[in-house]
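Participant: Read top to bottom, the protein sequences are chains X, P, D and Z.
With the numbering used here applied, the first sequence corresponds to residues 543 to 740, in that order.
With the numbering used here applied, the second sequence corresponds to residues 543 to 740, in that order.
With the numbering used here applied, the third sequence corresponds to residues 543 to 740, in that order.
With the numbering used here applied, the fourth sequence corresponds to residues 543 to 740, in that order.
4 protein chains.
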Amino acid sequence: MTLHAPESRARPGRPRSERAHRAVLEAAADLLLEGGLGAATIEAIAARAGVSKVTIYKWWPTRGAVAVEAYFYRYHQTMDFQDTGDLASDLRAQIAGVLKAFRGRAGAVMAALIGEAQSDPDLAETLRASWIEPRRVASATVVQRAIDRGEVRADVDVQLLLDQIYGPIYFRLLLGHQPLDDSLALSLVRTALDGVRA
Amino acid sequence: MTLHAPESRARPGRPRSERAHRAVLEAAADLLLEGGLGAATIEAIAARAGVSKVTIYKWWPTRGAVAVEAYFYRYHQTMDFQDTGDLASDLRAQIAGVLKAFRGRAGAVMAALIGEAQSDPDLAETLRASWIEPRRVASATVVQRAIDRGEVRADVDVQLLLDQIYGPIYFRLLLGHQPLDDSLALSLVRTALDGVRA
Amino acid sequence: MTLHAPESRARPGRPRSERAHRAVLEAAADLLLEGGLGAATIEAIAARAGVSKVTIYKWWPTRGAVAVEAYFYRYHQTMDFQDTGDLASDLRAQIAGVLKAFRGRAGAVMAALIGEAQSDPDLAETLRASWIEPRRVASATVVQRAIDRGEVRADVDVQLLLDQIYGPIYFRLLLGHQPLDDSLALSLVRTALDGVRA
Amino acid sequence: MTLHAPESRARPGRPRSERAHRAVLEAAADLLLEGGLGAATIEAIAARAGVSKVTIYKWWPTRGAVAVEAYFYRYHQTMDFQDTGDLASDLRAQIAGVLKAFRGRAGAVMAALIGEAQSDPDLAETLRASWIEPRRVASATVVQRAIDRGEVRADVDVQLLLDQIYGPIYFRLLLGHQPLDDSLALSLVRTALDGVRA
DNA sequence: AAGTAATCGAGACGGTACGTCCGGTCTTCCT
DNA sequence: AGGAAGACCGGACGTACCGTCTCGATTACTT
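Rendered as structure tokens:
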């Protein structure tokens with residue numbers, strides 16, 4: 543018989559205050575929502591959360607790290623990827639959800655986070671691990687099933703296919719040169735699956 | 543009353559110092575190269591250029607603006623889009639050039655600029671107008687010719703097609719979840735033209 | 543003919559703001575008076591003076607330095623040493639002035655400054671040069687005259703004599719084990735001049 | 543039921559750890575010696591002693607208090623005041639001891655303690671009670687004996703006389719405007735007893 | 001030739017946020 | 001009931017850039 547949960551062995555010392563932890567995330571999420579990442583300074587978060595700066599630095603390395611966690615804490619997206627057996631419609635459903643989210647405040651915050659990540663390697667890694675990867679794994683599974691069913695060519699580079707579907711969305715989100723219409727869901731999938739050849 | 547050509551009307555006062563202008567761009571480009579956008583602060587640029595901060599503010603609104611101009615000044619890319627009559631090979635050639643550039647320092651700087659643009663609307667607009675648009679127009683022309691030749695379906699959304707080709711590249715540049723291999727040129731074009739359907 | 547004032551040659555750049563300089567000293571003096579040296583933090587001085595912290599750090603190395611200058615700015619003591627030809631009465635007059643000052647707020651501040659100087663060598667040096675030395679020189683002159691007149695033995699160590707007169711005052715100021723009565727003026731001089739031998 | 547001697551009545555709970563107490567004093571003394579009072583922060587003492595901050599606060603009110611006790615713990619001066627019947631030589635012997643101590647590390651620490659006492663009334667009181675007073679009482683006794691012997695005038699203010707001997711030493715220790723030579727022992731006593739009158 | 005106007009360098013200024021240090025207080029578990 | 005561990009709030013520290021603001025000096029065009 544194995545002794546379970548050696549990691550939950552109560553360590554000595556005062557335990558981390560869950561109240562403070564939550565207050566920081568709430569405050570950060572509020573600030574992100576109100577004024578974007580620029581408003582979410584460590585000082586502002588600390589002040590609004592009624593928490594000292596040191597407490598924030600204790601648990602998060604940068605303001606970017608607080609922001610991502612706050613983002614997920616607040617917008618903990620229901621990442622419900624369906625797998626109905628029809629690749630095109632499954633992908634369209636997923637894309638539609640992303641588009642909807644990105645047209646709102648969540649999109650602006652995500653854009654700001656990716657922007658910040660360009661000068662904050664930790665944040666970049668966190669974004670990849672916490673946001674991008676989970677979604678890619680789910681999507682990749684759906685695509686793989688389609689390959690297994692013989693719906694998609696077996697020699698397809700799944701990662702690249704996903705980039706050709708989601709890349710354009712992030713590209714437009716970040717550059718803003720074209721809108722994030724709902725119609726994208728249809729067109730993106732169509733091109734990706736059938737190409738544009740006459 | 544003397545008439546002058548209105549555009550060459552020499553204004554009174556000391557003319558803008560070309561020496562200072564160039565020095566600023568050189569300094570900014572050096573700093574971008576050495577330490578990324580983070581190192582290219584107005585103060586650092588001014589110090590290295592031997593120019594006063596006010597002179598910089600006189601001619602550029604933000605450090606982002608200086609950075610883009612410095613970027614183009616230094617990396618004034620030869621944007622040679624060929625149009626040989628074969629869409630796939632033309633696109634592959636263009637993509638290969640972008641990939642090569644983005645794998646080097648220029649890619650890191652461009653990523654930083656796009657990142658900064660998320661919190662600097664002026665920079666975002668400058669990037670769209672000076673970088674994205676020219677390339678899109680050139681690419682769009684190539685695609686349009688293919689449509690005219692009947693090589694590509696007439697109902698294709700050209701903008702979206704371009705996003706499905708370039709979007710993945712910027713996506714990987716900014717998120718770094720996948721590499722920017724040369725093989726991308728081939729695969730991206732292939733999927734975009736012929737899809738992945740079995 | 544000599545070219546005068548090469549030191550007042552107008553240097554390039556915005557000249558130092560006298561308004562800010564004065565505001566800092568006034569604010570620091572107020573704070574010293576109200577709450578002692580402990581209240582005269584750089585932040586508090588900056589806030590009250592309506593001046594940025596950087597401006598203070600630009601002109602003074604430590605808060606101690608600001609404090610001494612503020613002390614002199616506010617309490618610029620009329621250091622009127624008389625020299626009437628009677629050493630005892632001249633010394634008594636000087637001592638009486640010091641005692642009077644030290645029993646009030648100025649004494650508390652001076653004690654705090656000397657205290658702070660124990661961990662701030664710059665402040666210690668400033669105190670010696672700006673406060674102690676001028677007073678010693680004036681006192682030493684008075685004593686030297688008395689020596690010249692034959693009123694005092696020629697082999698006397700003047701510095702030590704002054705320490706035996708002023709040392710006890712600072713000792714009591716700093717340790718507080720005995721009061722700073724006016725009667726000290728009489729007794730200190732009497733012992734120093736005539737000793738206590740029966 | 544067990545009976546205990548009432549004065550040794552073992553109180554319930556874990557008894558005070560003598561180990562911790564000593565560790566604190568040793569650590570504090572080390573830090574005082576190495577980096578002066580500035581280095582002897584509560585946190586540093588706790589860390590070096592392997593003791594929690596609370597334990598320190600439990601037994602000492604301020605860091606000044608710890609420092610004085612550590613000072614005495616380490617430099618527990620042999621305060622051997624002799625009383626040979628010759629006031630001058632007795633005083634000289636005492637002064638020589640003080641001078642020797644004050645020229646070394648102990649003097650620097652004492653200066654720092656007196657400095658700190660300017661903003662810490664508790665420390666000031668502790669210093670007076672634990673350091674100044676015992677020495678004054680001993681010295682005063684020696685002087686009183688001399689008065690009784692008729693060696694010194696009966697109307698002399700003993701406290702003031704002691705200040706005129708020890709004040710200059712502390713004055714020089716704290717201000718550093720003059721050295722603490724061994725020759726002081728001789729000169730100080732001579733002036734105090736016989737004055738400087740020609 | 002004198003005046004006017006724009007620019008330039010230098011650099012001081014108020015301001016915001018940074019990340020760190022230390023002080024005291026607290027909470028939890030261990031002995 | 002200690003005591004070690006350590007988290008917490010608060011306050012100040014000294015620094016980095018920001019964008020603005022004088023200054024005196026320079027360099028053209030205008031009269």
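Just so you know, even glycine gets a beta-carbon here, dropped at the ideal spot from N, CA and C.
G737/P and G627/X: beta carbons closer than 8 Å?
Facilitator: No, the pair does not count as a contact, with Cβ atoms beyond the cut-off.
Participant: Please report how far the alpha carbon of V608/P lies from the alpha carbon of A638/P, in whole angstroms.
Facilitator: Each residue's Cα considered, the two are about 28 Å apart.
Participant: Spatial neighbours of A586/X within its chain, please: C-beta separation below 7 Å, excluding the five flanking residues on both sides.
Facilitator: For A586/X, where only same-chain residues beyond five positions count, the Cβ hits under 7 Å are L573.
Participant: Does any residue of chain Z bring its CB to less than 8 Å from the CB of E549/D?
Facilitator: For E549/D, the pLDDT reaches just 41, beneath the cut-off of 50, and the residue's location in the model is therefore unreliable, although a value from the coordinates is still provided. Output row for E549/D: interface = no.
Participant: Please report how far the alpha carbon of E675/Z lies from the alpha carbon of L717/D, in whole angstroms.
Facilitator: Straight-line Cα distance between these residues: approximately 11 Å.
Participant: Per DSSP, which residues does V694/D bridge with? Please list them.
Facilitator: The partner list for V694/D (beta bridge, DSSP) reads R739/Z.
Participant: So, is E658/Z buried or exposed, given that buried needs 16 or more other C-beta atoms within 10 angstroms?
Facilitator: Buried, because 16 or more other Cβ atoms sit within 10 Å of the Cβ of E658/Z.
Participant: Which of the residues in the stretch 659-670 of chain X, read from start to end, lie with their CB under 8 Å from any CB of chain P?
Facilitator: Taking 8 Å as the Cβ-Cβ cut-off against chain P, the residues of the stretch 659-670 of chain X that qualify are A659, Q660, S661, A666, L669 and R670.
Participant: Is the number of C-beta pairs between the stretch 629-648 of chain X and the stretch 724-733 of chain X that are closer than 8 Å three or more?
Facilitator: Yes, the stretch 629-648 of chain X is in contact with the stretch 724-733 of chain X.
Participant: In angstroms with no decimal places, state the Cα-to-Cα distance between A734/P and A569/X.
Facilitator: If you take the alpha carbons of A734/P and A569/X, they lie about 44 Å apart.
Participant: Just checking: is the beta-carbon of R605/Z within a distance shorter than 8 Å of some beta-carbon in chain D?
Facilitator: Chain D contact via Cβ: absent.
Participant: Would you mind working out which of E611/Z, S661/Z, G580/Z and D625/Z sits nearest A565/Z, comparing C-alpha positions?
Facilitator: Among E611/Z, S661/Z, G580/Z and D625/Z, the Cα nearest to that of A565/Z is on E611/Z.
Participant: Please list, in chain order, all residues of the same chain as H546/X whose beta carbon is under 7 Å from its beta carbon, the five residues on each side excluded.
Facilitator: With a pLDDT of 39 at H546/X, under the threshold of 50, the modelled position of that residue is not reliable, and the figure given next carries that caveat. Correct list: empty, nothing qualifies.
Participant: For the stretch 670-693 of chain D, enumerate the residues whose C-beta is nearer than 7 Å to any C-beta of chain Z, in chain order.
Facilitator: Correct list: R670, I674, G692 and E693.
Participant: Does chain D have any CB closer than 8 Å to the CB of R561/Z?
Facilitator: It does not: the Cβ of R561/Z has no partner Cβ on chain D nearer than 8 Å.
Participant: For the stretch 665-672 of chain P and the stretch 594-602 of chain P, state whether three or more C-beta atom pairs, one from each stretch, are separated by less than 8 Å.
Facilitator: Flag = no, the stretch 665-672 of chain P and the stretch 594-602 of chain P do not touch.
Participant: How many Å lie between V593/P and A562/P at the Cα?
Facilitator: C-alpha separation (whole angstroms): 7 Å.
Participant: Between D690/P and V698/P, what straight-line distance do the alpha-carbon atoms span, to the nearest angstrom?
Facilitator: D690/P and V698/P: Cα-Cα distance of roughly 12 Å.
Participant: Would you check if the distance between the CB atom of T583/Z and the CB atom of D662/Z is smaller than 8 Å?
Facilitator: No, these two residues do not count as a Cβ contact at 8 Å.
Participant: Mark S725/X as exposed unless 16 or more other C-beta atoms lie within 10 angstroms of its C-beta, in which case mark it buried.
Facilitator: So S725/X ends up on the exposed side.
Participant: List the residues of chain P that D705/X touches, going by C-beta distances under 7 Å, in chain order.
Facilitator: Those within 7 Å of D705/X in chain P are P710, F713, R714 and Q720.
Participant: Does the CB of A740/P have a neighbour CB from chain X at under 8 Å?
Facilitator: It does: the Cβ of A740/P has a partner Cβ on chain X nearer than 8 Å.
Participant: Hey, is T733/X's beta-carbon within less than 8 Å of any beta-carbon in chain P?
Facilitator: Closer than 8 Å: yes.
Participant: Taking CB distances under 8 Å as the criterion, tell me whether A653/X reaches chain P.
Facilitator: Cβ-Cβ to chain P under 8 Å: yes for A653/X.
Participant: Rounded to the nearest angstrom, what separates Q501/Z and I707/D at their Cα positions?
Facilitator: The requested residue 501/Z does not occur in the structure, where chain Z is confined to residues 543 to 740.
Participant: Distance cutoff 8 Å, beta carbons only. Does I656/D sit that close to anything in chain Z?
Facilitator: Yes, its Cβ sits closer than 8 Å to a Cβ of chain Z.
Participant: If we ignore side chains and look at the alpha-carbon of each, how far apart do L665/X and G555/P end up?
Facilitator: Whole-angstrom Cα-Cα distance: 49 Å.
Participant: Within the same chain, show all residues whose beta-carbon is closer than 7 Å to that of R645/P, passing over the 5 residues directly before and after it, in chain order.
Facilitator: If we look at R645/P and ignore the five residues flanking it on each side, its Cβ neighbours are L722.
Participant: Quick check on T683/P: buried or exposed, where buried means 16 or more other Cβ atoms within 10 Å of its Cβ?
Facilitator: By the neighbour-count rule (16 or more Cβ atoms within 10 Å), T683/P is not buried but exposed.
Participant: For the stretch 577-654 of chain P, list the alpha helix (DSSP H) runs that are entirely contained and at least 4 residues long, ordered along the chain.
Facilitator: Counting only runs of 4 or more, we get 584-591, 595-601, 605-616 and 629-645.
Participant: Is the CB of D724/D under 8 Å away from at least one CB in chain Z?
Facilitator: Not an interface residue.
Participant: Which of helix, strand or coil does DSSP assign to G657/P?
Facilitator: Three-state result, G657/P: helix.
Participant: Decide if S559/D is buried, meaning its Cβ has at least 16 other Cβ atoms within 10 Å, or exposed.
Facilitator: When all chains shown are included, S559/D counts as exposed.
Participant: Once DSSP output is grouped into helix, strand and coil, what is the label at T544/D?
Facilitator: A caution first: T544/D carries a pLDDT of 38, below 50, which makes its placement in the model unreliable, though a value can still be read off. If DSSP states are grouped into helix, strand and coil, T544/D belongs with coil.
Participant: Just to confirm, are S681/Z and L704/Z a CB contact at a threshold of 8 Å?
Facilitator: Cβ atoms of S681/Z and L704/Z: closer than 8 Å.
Participant: Pick from Q660/X, G649/X and I656/X: whose alpha carbon is nearest that of G649/P?
Facilitator: Among Q660/X, G649/X and I656/X, the Cα nearest to that of G649/P belongs to Q660/X.
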